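Under the numbering used here, think of the first position of the sequence shown as 36, with each following residue one higher. Where a beta carbon is used, it is the ideal one built from N, C-alpha and C, also for glycine. Because the structure is a prediction, the values reported are computed rather than measured. Let me begin by presenting the structure, written as structure tokens, before commenting on it.
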Amino acid sequence: MPKGQPGTRSNYGRVTDEVVARLAAIVGNKNVLTGEERENYTRDEMPGKRSFLPEVVVKPENSRSVAEILKLANEKVIPVTPRGGGTGLSGGAAPIYGGIVLSLEKMNRILEIDKVNFVATVEAGVLLSDLLEAVNEQGLYYPLYPGEASAAIGGNVATNAGGMNAVKYGVTRHFVLGLEIVLPTGEIIQTGGKFVKCSTAYDLTQLIVGSEGTLAVITKVLLRLVTPPRKTEMLFVPFHSLRAAIGSVPDILQRGILPVGIEFMERDMINLAEQYTGKEIPLHDHEAFLMILLEGENDKEIHRQANEIASICLNNGAVDVFMPAGSRAKRDLLEAREKFYYALQRFGMVDFADVVVPRSNIAEFVETAHRMGEEHQIPIIALGHAGDGNVHLTLMGQAGGEDEAGVKKLLSKLCQVGVSLGGTISGEHGLGFAKKDYLPIADSASKIELMKRIKRAFDPKGIMNPGKIFSLE
Ligand SMILES: Cc1cc2nc3c(=O)[nH]c(=O)nc-3n(C[C@H](O)[C@H](O)[C@H](O)COP(=O)(O)OP(=O)(O)OC[C@H]3O[C@@H](n4cnc5c(N)ncnc54)[C@H](O)[C@@H]3O)c2cc1C
36 MPKGQPGTRS NYGRVTDEVV ARLAAIVGNK NVLTGEEREN YTRDEMPGKR SFLPEVVVKP
96 ENSRSVAEIL KLANEKVIPV TPRGGGTGLS GGAAPIYGGI VLSLEKMNRI LEIDKVNFVA
156 TVEAGVLLSD LLEAVNEQGL YYPLYPGEAS AAIGGNVATN AGGMNAVKYG VTRHFVLGLE
216 IVLPTGEIIQ TGGKFVKCST AYDLTQLIVG SEGTLAVITK VLLRLVTPPR KTEMLFVPFH
276 SLRAAIGSVP DILQRGILPV GIEFMERDMI NLAEQYTGKE IPLHDHEAFL MILLEGENDK
336 EIHRQANEIA SICLNNGAVD VFMPAGSRAK RDLLEAREKF YYALQRFGMV DFADVVVPRS
396 NIAEFVETAH RMGEEHQIPI IALGHAGDGN VHLTLMGQAG GEDEAGVKKL LSKLCQVGVS
456 LGGTISGEHG LGFAKKDYLP IADSASKIEL MKRIKRAFDP KGIMNPGKIF SLE
């Protein structure tokens with residue numbers, strides 16, 4: 036570990052002129068930023084958007100350069116914060132100890148789309164939007180959509196991103212077949228491969244997925260692809276109560292229907308989205324809504340699914356079942372859903388929880404959360420992925436007027452309730468530094484200590500994204 040007190044900035048080496056010159060020798064002057072342009076690398080999209088200025092930003096163009104940068108950082112004990120698209124919601128890409136931001140933005144080549152083995156091999160800086168387009172052009176499909184298309188694939192892997200389509204397809208880790216990673220000591224390692232089965236020793240691929248840049252830099256990713264669905268459909272279902280809406284979810288799944296995604300939202304969220312986009316959402320006056328995404332082989336199959344779901348929802352007290360006519364109407368609704376985060380940001384989000392609970396406990400969790408919000412006088416807007424139990428609770432307030440300690444206390448209680456209902460504290464955004472204080476609520480001391488030992492084995496000097504997930508002490 037660095038000398039002195041771990042976890043404080045003074046433990047780490049500084050980026051001196053000599054270090055900058057050596058970085059420039061590795062990646063070229065144009066790929067080293069030491070001036071005002073560093074402002075673009077100070078934070079991600081986490082609520083509150085706290086900023087931390089890195090001493091230097093480097094933009095390597097290949098894995099060898101990444102290895103050289105890490106060797107240098109390791110020698111000088113300089114913190115390194117890997118960065119993809121900077122769309123994370125937990126402060127993971129914020130360089131909280133200064134040091135080096137290692138941006139993967141120039142490692143953005145799609146290396147291969149293997150149509151025989153259904154595998155895409157991409158550099159870590161490829162944007163999700165570019166991957167989706169390239170795969171689509173080849174007649175294949177990458178079915179995950181974790182909310183923000185300007186995220187990079189390396190970031191999706193490092194956070195084990197989820198999104199709306201998890202009910203049918205799972206999350207990023209279910210599509211990562213292999214990786215190229217660079218260790219802080221500069222070794223380049225390949226994990227996994229273009230195969231589905233692997234029982235050969237420890238599964239390092241899955242250890243790196245979700246490690247938030249704290250163990251190694253991901254430089255290449257092998258992703259599993261599938262064939263595209265022939266037909267897609269959407270149902271938008273208003274209910275008089277959240278409990279009735281959420282209660283329909285297990286009934287749908289128990290009937291053997293597997294929607295791609297089932298989202299829930301409350302009226303307050305719909306109203307904010309309408310104000311933000313200036314577009315009216317159909318049936319917007321009701322208490323709670325399900326948005327159900329379906330895929331099928333043909334019209335007959337998809338209509339059979341839709342009819343069955345409609346009758347389940349109506350039996351459970353749905354007010355109506357709306358199937359948007361035409362792709363434009365569907366796109367409008369999906370776009371409104373994708374704008375939720377920005378609408379919340381504009382209208383007073385002060386923080387949020389990304390708790391996941393078993394599907395059967397969502398209604399109890401959300402009702403308890405609302406009660407707690409009232410006790411703390413902090414309004415809560417709930418929405419999320421009803422089909423997979425991932426609830427996003429947004430704590431609302433007056434910009435700058437909220438009591439920070441009160442918000443943290445409420446978040447901590449919400450995490451405790453989520454865990455007591457059989458869940459955990461982050462379903463898809465990761466802990467970064469925003470949520471790391473809550474880790475002991477979810478995991479035992481011995482489990483956290485084991486994770487710290489793994490961290491030290493990868494990164495003995497503690498240079499990789501320090502202060503994220505947990506602090507080493
Ligand atoms: C509007 C909006 C909607 C969103 N919706 C969803 C959603 O539905 N589901 C969901 O899961 N997320 C969602 N997110 C969060 C975000 O898009 C994801 O967390 C995404 O995976 C982050 O990718 P990124 O490239 O932007 O990563 P960054 O923010 O750049 O980094 C995230 C973390 O990964 C690390 N990292 C990045 N690249 C590498 C690398 N190459 N090697 C090692 N570590 C690396 C960083 O150090 C950091 O800890 C949303 C965000 C926004 C703004």
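Name the two residues that bound the continuous beta strand (DSSP E) containing residue i.
i	result
Asn425	425-431
Met384	384-388
Ala417	415-420
Tell me where the alpha helix (DSSP H) around residue i begins and ends.
i	result
Ile61	52-62
Leu446	439-455
Arg406	397-410
Leu260	Leu260 -> no alpha helix (DSSP H), and no H or E assigned at all.
Pro475	474-477
Phe493	480-493
Tyr47	Per DSSP, Tyr47 belongs to no alpha helix (DSSP H) and is neither H nor E.
Leu379	375-381
Shortest alpha-carbon distance to residue i belongs to which of the options?
i	options	result
Leu257	Glu301, His209, Val452	His209
Ile145	Glu158, Ala323, Glu53, Val136	Glu158
Val452	Leu218, Ala492, Val93, Ile397	Ile397
Asn191	Pro475, Pro495, Gly465	Gly465
Ala102	Phe400, Pro117, Lys470	Pro117
Pro5	Gly121, Ile344, Leu88, Met142	In the structure as shown, the chain begins at 36 and stops at 508. Residue 5 is therefore absent and cannot be evaluated.
Asn425	Ile148, Lys141, Val206	Val206
Glu330	Tyr204, Asn306, Val154	Tyr204
Gly120	Leu139, Thr220, Val55	Leu139
Gly228	Val385, Ala155, Leu167, Ala378	Ala155
Tyr180	Arg372, Arg394, Val454	Arg372
Glu315	Pro130, Arg290, Phe87, Glu370	Glu370
Phe230	Pro317, Val54, Asp149	Asp149
Met81	Ala129, Val67, Phe153, Arg99	Ala129
Gln380	Tyr47, Gly48, Gly83	Gly83
Val151	Ala169, Ser86, Gln173, Glu439	Gln173
Leu142	Asn97, Glu168, Ala56, Asn66	For the record, residue 142 in the displayed sequence is Met; it is not Leu. The shortest Cα separation from Met142 among Asn97, Glu168, Ala56, Asn66 belongs to Asn97.
Thr312	Phe271, Ala364, Ala378	Ala378
Ile347	Leu242, Arg290, Lys444, Phe271	Arg290
Gly189	Ile243, Ile337, Lys496	Ile243
Assuming residue i and residue j are in contact, meaning their beta carbons sit under 8 Å apart, how far apart are those beta carbons, in whole angstroms?
i	j	result
Glu215	Thr254	5 Å
Ile416	Thr429	5 Å
Thr69	Val91	5 Å
Glu298	Met326	4 Å
Ile413	Cys450	Between Cys450 and Ile413 the Cβ distance is about 15 Å, and since that is not below 8 Å, they are no contact.
Gly126	Gly432	With 8 Å as the limit, Gly126 and Gly432 do not qualify as a contact, their Cβ atoms being about 19 Å apart.
Val442	Val401	Actually they do not touch by this definition, with Cβ atoms about 18 Å apart.
Ile498	Pro114	6 Å
Met304	Phe375	6 Å
Gly422	Val202	3 Å
His420	Gly282	At roughly 16 Å, the Cβ-Cβ gap does not stay under 8 Å, so His420 and Gly282 are not in contact.
Thr122	Glu183	4 Å
Glu247	Asn500	6 Å
Leu368	Pro359	6 Å
Arg265	Asn333	6 Å
Ile292	Gln340	5 Å
Given the structure, does residue i come close to ligand 3, in the sense that its CB is under 7 Å from one of the ligand's heavy atoms?
i	result
Asn191	What this structure holds is ligand 1, not ligand 3.
If we cut at 8 Å on Cβ distances, does residue i have a partner in chain B?
i	result
Phe274	This model lacks chain B altogether; it includes just one protein chain.
At least three beta-carbon pairs within less than 8 Å, the segment 284-291 to the segment 259-273: With contact defined as three or more Cβ pairs closer than 8 Å, the segment 284-291 and the segment 259-273 are not in contact.
Within the segment 264-301, ranges of the alpha helix (DSSP H) (whole runs, at least 4 residues): 277-289
Continuous beta strand (DSSP E) assignments of at least 3 residues falling wholly in the segment 172-245: 211-217, 223-227
Stretch pair the segment 187-203 + the segment 156-163: three plus CB contacts closer than 8 Å: yes
At least 3 beta-carbon pairs within less than 8 Å: the segment 264-281 vs the segment 235-242: Counting Cβ pairs under 8 Å, fewer than three are found: no touch.
Complete alpha helix (DSSP H) runs within the segment 70-154 (minimum length 4 residues, chain order): 98-111
Runs of alpha helix (DSSP H) lying entirely within the segment 303-366, each at least 4 residues, in chain order: Counting only runs that start and end inside the segment 303-366, the alpha helix (DSSP H) elements of at least 4 residues fall at 334-350.
Meets three-Cβ-pair contact criterion under 8 Å: the segment 454-463 and the segment 390-398: yes
Stretch-stretch touch, CB-based, cutoff 8 Å, three pairs: the segment 104-112 with the segment 133-140: yes
Contact between the segment 348-362 and the segment 311-323 (3+ Cβ pairs under 8 Å): yes
Contact the segment 491-505 vs the segment 468-478: 3+ CB pairs below 8 Å: yes
Segment contact, 8 Å Cβ cut-off, at least three pairs: the segment 212-229 with the segment 244-254: yes
Inter-stretch contact at 8 Å, needing at least 3 Cβ pairs: the segment 86-100 / the segment 60-69: Yes: at least three Cβ pairs fall under 8 Å.
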